[in-house]
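Below: one structure, written as C-alpha cells.
Numbering (our numbering), first residue to last: 162 to 461.
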C-alpha cells in the first residue's frame, strides 16, 4: 500500500477540534469536518485509490453526528480489517474551562440544547470515554493558547517531505482606491518622487524601465530600499518561526500606477533572488489611464 496518513480528530465539544483541523489544513492535510463515521472506511479507501493526490487526511468525527456517531467503533474495526492505519487525536479540556467557553460564546451544548452546558459536558464525556481510551494522542487545551495548540500539532503531525517556508504575496495599490483588506504589512511610498508630474511618464506604468529608472534614480529611493529590504529580511524568519505560512505585503502610492508598482517590483526581485517563495499583484494598475506598460521582473 502506498503511503497514506489518516488522522481522526475527535474529543469534547468546545475543546478546540476545529482549530486543530484548521492547523492541519494549513499544513497540507485534506480535511473534512463532521464526517459521519460510517463513511470513514469508504472515504479512506477512495483516497488510497487516488494515489499521490490525497496522502494526508484529517477527519473530525464527534457527537454532532448524532446517532451516526455510534458507528465509530465499527468504522475503526473496518479500517483495521482493510489494513488501513490511522491515528486518533483526542482534544479535551476541563469542565470549568468548557463551561467558561460556552458562556463566552453563548453557544448551547449539542447534547443539552435546553439545559445547562455542564449537563451536556458530563453526558458527552461518558459517550466519548471508550473512544478516548483508544486515542493515540490526547491534548488537553485547558491551559493552552491557540498558538501553543498550533505548535503542538505542527510538531506532532508535520508533513516532513513538504518544505516549511513562508509564501509572500506583494500587492501594489493606490490609496485612493482603498487599502487591501488582507494586508499584513503596508508600506506607504507616497514620499518618493512622483513620475505623474513628469509629462513623458504620466501615462506609463512603474514597470516601464524609464519610469523605474526615474524613481530609483533619487538618493531617497536608494536609502529607502536599503532600509526596507533589510527590515523585510529581518522579519521573514521571525514570521516563519511563529508559524505564519502566508504574508501579504502591500505597497501603496496615490493611484497605484507608478511608485507603488516600481517598489513592489523591486521587492519582488529582491525576495526572488533570495530564494523566497513570492508572487506579485498590481491591484489598481489598470484603474489608471495606462498607455504604456512593460513586463515586470516576473516576466523577465
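Yeah, the Cβ is synthetic: ideal placement off N, Cα and C, and Gly gets one too. Being a predicted model, the structure only gives us computed values, none of them experimental.
How far does the alpha helix (DSSP H) with residue i in it extend, from its first residue to its last?
i: residue 384; result: 380-402
i: residue 434; result: 420-434
i: residue 377; result: 370-377
Hey, how far is the Cα of residue i from the Cα of residue j?
i: residue 209; j: residue 300; result: 28 Å
i: residue 302; j: residue 262; result: 12 Å
i: residue 443; j: residue 421; result: 9 Å
i: residue 223; j: residue 232; result: 11 Å
i: residue 170; j: residue 220; result: 6 Å
i: residue 207; j: residue 413; result: 47 Å
i: residue 186; j: residue 313; result: 15 Å
i: residue 323; j: residue 452; result: Note that residue 323 scores 46 on pLDDT, short of 50, meaning its location in the model is unreliable and no value can be drawn from it.
i: residue 349; j: residue 434; result: 23 Å
i: residue 215; j: residue 165; result: 8 Å
Which same chain residues, not among the five before or five after residue i, have their C-beta less than 7 Å away from its C-beta?
i: residue 427; result: 386
i: residue 239; result: 202
i: residue 396; result: none
i: residue 439; result: 329, 331, 429, 432 and 433
Return the first residue and the last residue of the beta strand (DSSP E) that residue i is part of.
i: residue 413; result: 407-414
i: residue 464; result: Residue 464 is absent from the model: the chain starts at 162 and stops at 461.
i: residue 176; result: Counting along the chain, residue 176 falls outside any beta strand (DSSP E), and DSSP gives it neither H nor E.
i: residue 366; result: That residue, residue 366, is in no beta strand (DSSP E); it is neither H nor E in DSSP.
i: residue 193; result: 191-193
i: residue 346; result: 346-349
Near residue i, which residues of its chain fall below 8 Å by C-beta distance, leaving aside the five closest residues on each side in sequence?
i: residue 297; result: 248, 249 and 250
i: residue 279; result: 256 and 260
i: residue 454; result: 365, 366, 368, 369 and 446
i: residue 199; result: 229, 232, 235 and 236
i: residue 284; result: 272 and 273
Between residue i and residue j, is the Cβ-Cβ spacing less than 7 Å?
i: residue 218; j: residue 292; result: no
i: residue 331; j: residue 410; result: yes
i: residue 254; j: residue 176; result: yes
i: residue 419; j: residue 367; result: yes
i: residue 184; j: residue 192; result: no
i: residue 404; j: residue 320; result: no
Length-filtered (3 minimum) beta strand (DSSP E) runs lying within the stretch 197-269 | 217-221 and 248-253
For the stretch 272-331, which segments carrying the beta strand (DSSP E) assignment without a break, of at least 3 residues, lie completely within its bounds, in sequence order?
-> 298-301
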